[in-house]
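Before any comments, here is the structure.
2 protein chains.
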Amino acid sequence: MDMVEELEKRKELIEQEIEELFKDKRDHNLWELMAFYPGSGGKKLRPFLTLVSAAAFDRSEKKAIPYGLALELVHNFTLVHDDIMDQDDLRRGKPTLYRRVGDAHAINAGDGLFALAFNVLSKSDIGGDKVKELLEELSSSVLKIAEGQEEDLSFEEDLDIDEADFIEMIEKKTAYLFKASARGGAIIAGCDQEEIDHMGEYARKMGIAFQIQDDYLDLVGDEGKIGKDVGSDIQEGKRTLMVIKALENLSSDDSERLIEILEDDGNTDPEIEEAIDLLEDSGAIEYSKELAKKYAEEAKDELSIVPDSEYKVILEELVDYVIKRDR
Amino acid sequence: MDMVEELEKRKELIEQEIEELFKDKRDHNLWELMAFYPGSGGKKLRPFLTLVSAAAFDRSEKKAIPYGLALELVHNFTLVHDDIMDQDDLRRGKPTLYRRVGDAHAINAGDGLFALAFNVLSKSDIGGDKVKELLEELSSSVLKIAEGQEEDLSFEEDLDIDEADFIEMIEKKTAYLFKASARGGAIIAGCDQEEIDHMGEYARKMGIAFQIQDDYLDLVGDEGKIGKDVGSDIQEGKRTLMVIKALENLSSDDSERLIEILEDDGNTDPEIEEAIDLLEDSGAIEYSKELAKKYAEEAKDELSIVPDSEYKVILEELVDYVIKRDR
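Next comes the structure, spelled out in structure tokens:
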């Protein structure tokens, strides 16, 4: 099986589920706003992870669909609110929701998506005891996301952030929802605790690699593919791993210049370019790529618990995809 | 039993549960912000409704505590976000959370409270099948709250709102969470569908009466007791039932003057007084009080399904309290 084709297949499946969920509801303005992000692209990686994790143990992924859908709704709820908190202009190449409808309507639409995720889970035909476990996975990961977001909001004003702080922050903001995705698939497939834990570690490590690659693409990606302005993290002064490493490695003059650009809200394109060159020259970009590879390899090691099958191969290939993708 | 004493007892119980939940967590800034509203007063009416509803059928309310706690957390999450959306300055006599820490941190803290509510439910010792039912109650009611909030946000720009629109809006914004509270108590107590439905209707009708009284207190209440500026709804141009009725009854000159005040964001105290007098003279305040009484009576009628006990008496007296309270 070709991994990218398999990803595409589940993406279409989840898009149909989303379509079905919002059908007949769009006459209410709230639902129209709620449908905006889930209905406009995205890779649907989290449901994919759930479905393939379930299939890897149970040869069946059908039962896992409602949980996959819930994960995608939770992911989109976080995007709607993150865009407001980060004051981002573009998402998937289009103006962000709050830029279109204002903060109040966007906050509310995000809340609606969050509630809908749990509503989908409550109406699924998954048994009560498993729903309770999935509820713990999902709610714990959102608590972690909120902790990570709070740390991220504070990092922008803090120069003493080190690599460990950064990894902890992206673990919370990104990796825990990946973890909840793979663990949930394993729970639905009836796995034992050891299998569930290894699947969780697999996804957590892949999630960290995913976020490092995401930050890398923000610097060197193609705007048409990543759907936002290249260098937006520099414009916003984000303390990414690359920035943290560069500040460790650069001369004090170069460090000062980098901080100056990060703290300026109105940088020109040449200034953004200058900052990227500084990151490049410091070796921080290379370091970051290598660290993503290390987490990716560790993620694959966790899969030794999975019985051999084409699904296991997909889970392995997904890790490579995550650190090689260009969008 | 004295209803107010009983309410106070459960309020203390839920406050202890909240204290316990946030203990050892407050070193993380997110949790500090999350604890701000749940830890600063409020009547804890929703948990009370759950606990007494459970006890009315099962003589025991202990099992219902985690769900009551979840309801209170959901309620507080909605308050945190509502204050941002409505740009309110005061809550329970203190500056609102977003006024203290900014929109981004407050949005995030609200999300954390929402996630925590479901997390509490997932970690309770309530059985899986009941958790699944409670999850549906809770998530459906938050979806209704978001719909109601969306309607409320649009109403401020709409002059054609009638009484039915208004009742539907407050039903969603307020009454559905009351409904989920009483239904949840009945579910936990092992009630049959008919009992659950009657308890839901009891609480829904009481919730409507509650909100009408809330709007009334905003106009004629004591600032020290209601914890916010009297007349804030007029300042914000809210289309309350009293405003809707007054616009139907007043002469066209008086109506125009009322609309002028509602649409002005910088009214002086005498202008707010003038608007209140117009509402009074039109008979709208009296009408509103009578309608609250009607809903309260209908709520009590639903209780005929409840076996006679001191808990039933509390449920009846709670209805009277809701429409007679001054805070």
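Just so you know, the protein sequences line up as chains G and X, in that order. Whatever position you read off the first sequence (first residue = 1), add 1386 for the numbering used here. Whatever position you read off the second sequence (first residue = 1), add 1386 for the numbering used here. Positions of the beta carbon are idealized from the N, C-alpha and C atoms, including for glycine.
Amino acids of chain X, ordered along the chain, whose beta-carbon sits closer than 7 Å to that of A1525(G): Here the sequence assigns Ser to residue 1525(G), which means Ala is not the residue at that position. Those are A1501, F1504, N1505 and S1508, listed as they occur along chain X.
Proximal residues to G1479(G) (C-beta, below 6 Å), its chain only, five neighbours per side dropped: G1613.
is_contact[L1416(G), chain X] using C-beta, thresh 8 Å: At least one CB of chain X lies nearer than 8 Å to the CB of L1416(G).
Opposing strand residues paired with P1481(G) [DSSP bridges]: Paired residue(s): L1476(G).
Minimum length 4: unbroken alpha helix (DSSP H) runs contained in the segment 1401 to 1476 of chain G: Secondary structure in the segment 1401 to 1476 of chain G: the alpha helix (DSSP H) runs of 4 residues or longer, each lying completely within the stretch, are 1415 to 1420, 1431 to 1444 and 1451 to 1472 in chain order.
Under 9 Å by beta carbon: chain G residues contacting V1466(X): Under the 9 Å cutoff, chain G gives no residues; its nearest Cβ is about 10 Å from V1466(X).
Meets three-Cβ-pair contact criterion under 8 Å: the segment 1693 to 1708 of chain X and the segment 1441 to 1450 of chain X: These segments touch.
C-alpha gap between M1471(G) and V1528(X), whole angstroms: Inter-residue distance for M1471(G) and V1528(X) is about 22 Å (C-alpha atoms, whole angstroms).
Within the segment 1617 to 1663 of chain G, ranges of the beta strand (DSSP E) (whole runs, at least 3 residues): The qualifying runs do not exist here; there are none.
Within-8 Å CB hit, Q1535(G) to chain X: Using a Cβ-Cβ cut-off of 8 Å, Q1535(G) counts as an interface residue toward chain X, since at least one Cβ of chain X sits closer than that to its own.
Within-8 Å CB hit, E1522(X) to chain G: Chain G contact via Cβ: present.
Beta carbon of D1706(G) nearer than 8 Å to that of D1608(G): Against a cut-off of 8 Å, the Cβ pair of D1608(G) and D1706(G) comes out as no contact.
Rounded separation between N1505(G) and G1427(X) - CA only: When rounded, the distance between both Cα atoms is 29 Å.
Neighbour-count burial assignment, M1387(X), 16 or more Cβ in a 10 Å radius: In the assembly as shown, M1387(X) is an exposed residue. Its beta-carbon has fewer than 16 other beta-carbons within 10 Å.
Chain-ordered chain G contacts of V1517(X) [CB-CB under 8 Å]: The contacting residues are G1514, V1517, K1518 and L1521.
Cβ pair count under 8 Å reaching 3, the segment 1417 to 1424 of chain G against the segment 1538 to 1556 of chain G: The segment 1417 to 1424 of chain G vs the segment 1538 to 1556 of chain G: no contact.
Minimum Cβ-Cβ distance from S1540(X) to chain G less than 8 Å: It does: the Cβ of S1540(X) has a partner Cβ on chain G nearer than 8 Å.
Residue of P1433(X), D1475(X) and S1508(X) minimising C-alpha distance to A1568(X): In this structure, P1433(X) is the residue among P1433(X), D1475(X) and S1508(X) with its C-alpha nearest to the C-alpha of A1568(X).
Collapsed DSSP secondary structure at G1488(X) in the structure displayed: DSSP, read as helix, strand or coil, puts G1488(X) in coil.
Segment contact flag, the segment 1504 to 1520 of chain X with the segment 1480 to 1491 of chain X, C-beta cutoff 8 Å, min 3 pairs: Here the segment 1504 to 1520 of chain X does not lie against the segment 1480 to 1491 of chain X, with fewer than 3 beta-carbon pairs under 8 Å apart.
Secondary structure of A1575(G), DSSP reduced to three states: It is coil, neither helix nor strand.
Reference Y1673(X), options V1708(X), Q1599(X), E1659(X) and D1687(X), closest by Cα: Nearest to Y1673(X) by alpha-carbon distance, out of V1708(X), Q1599(X), E1659(X) and D1687(X), is Q1599(X).
Beta-carbon proximity list for L1521(G), same chain, < 7 Å, skipping 5 on both sides: Closer than 7 Å at Cβ, skipping near neighbours: L1507.
Simplified DSSP assignment, three categories, for L1605(X): Note: L1605(X) maps to helix in three-state DSSP.
Start-to-end residues for the alpha helix (DSSP H) that takes in G1534(G): Residues G1514 to F1541.
Short Cβ contact (8 Å threshold) for L1437(X) with L1502(X): Result no, Cβ atoms of L1437(X) and L1502(X) do not sit closer than 8 Å.
Within chain G, partners of L1563(X) - CB distance below 7 Å: Under a criterion of Cβ atoms nearer than 7 Å, no residue of chain G is adjacent to L1563(X); the nearest Cβ is some 12 Å distant.
First and last residue of the uninterrupted alpha helix (DSSP H) at M1387(X): From DSSP, M1387(X) is part of no alpha helix (DSSP H); its letter is neither H nor E.
Same chain, Cβ closer than 6 Å to K1449(X), five either side skipped, listed in chain order: The residues are I1574.
6 Å Cβ shell around G1593(G) - same chain, five flanking residues per side excluded: So the qualifying residues of the chain are T1560, A1561 and F1564.
Inter-stretch contact (C-beta, 8 Å, three-pair minimum) for the segment 1639 to 1650 of chain G and the segment 1681 to 1691 of chain G: Cβ pair count under 8 Å is below three, so no.
Beta carbon proximity, D1497(G) to chain X, threshold 8 Å: Yes, D1497(G) counts as interfacial toward chain X.
Backbone CA spacing between D1410(X) and L1419(X) [nearest angstrom]: In this model, D1410(X) and L1419(X) are separated by some 14 Å (Cα to Cα).
Beta-carbon separation (whole angstroms), G1534(G) vs K1558(G), contact threshold 8 Å: In this structure G1534(G) is in contact with K1558(G), their Cβ atoms being roughly 3 Å apart against a cut-off of 8 Å.
Own chain partners of T1626(X) with C-beta closer than 7 Å, once the 5 adjacent residues on each side are dropped: Excluding positions up to five away in sequence, the list reads D1601 and D1619.
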